[in-house]
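Have a look at the structure below before the remarks.
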Amino acid sequence: MNTGLLPRPTMRSIVKAMTAQDLAACAQDVISWQDKGILADGPLQALAARFVAETGISEMDSMQQAEAAVLREASLRFIAMQAGPRADHQ
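To convert, take the position in the sequence shown, counting from 1, and add 315; that gives my numbering.
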């Protein structure tokens, strides 16, 4: 049944749609947060706040999801860049 409502976004879908520049800024926030234990107002916190506003989940859950999704997507993009055209296919 179509209720006319759009599906709720997932953190993964939001992060996957980020530009490389935005993803890098969020990844830097995650790494800084992990290293120093302090999270300043920045792109990661803005991402988590957006997700809280769009889904209604708790801020803590949103931050955990943001951290995991950002690191995953940054890793996947890095791997894809490094793989490039494989030598045995040239």
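Glycine is no exception: its CB is placed at the ideal position from the N, C-alpha and C atoms.
DSSP-derived helix/strand/coil call for residue i
i, result
"Asp344", "helix"
"Ala355", "coil"
"Leu320", "coil"
"Ala364", "helix"
"Ala332", "coil"
Integer-rounded CB distance, given that residue j should sit under 8 angstroms from residue i
i, j, result
"Leu354", "Ala381", "Between Ala381 and Leu354 the Cβ distance is about 10 angstroms, and since that is not below 8 angstroms, they are no contact."
Best match in the options for proximity to residue i [C-alpha to C-alpha]
i, options, result
"Arg392", "Ala339, Thr325, Val367, Met326", "Ala339"
"Thr334", "Gln397, Met378, Glu388", "Glu388"
Chain B contact for residue i (CB, 8 angstroms cutoff)
i, result
"Asp337", "The structure shown contains no chain B, having only a single protein chain."
Exercise. Can you list, in chain order, the stretches of the beta strand (DSSP E) that have 3 or more residues and sit fully within the stretch 366 to 404?
Worked result: none
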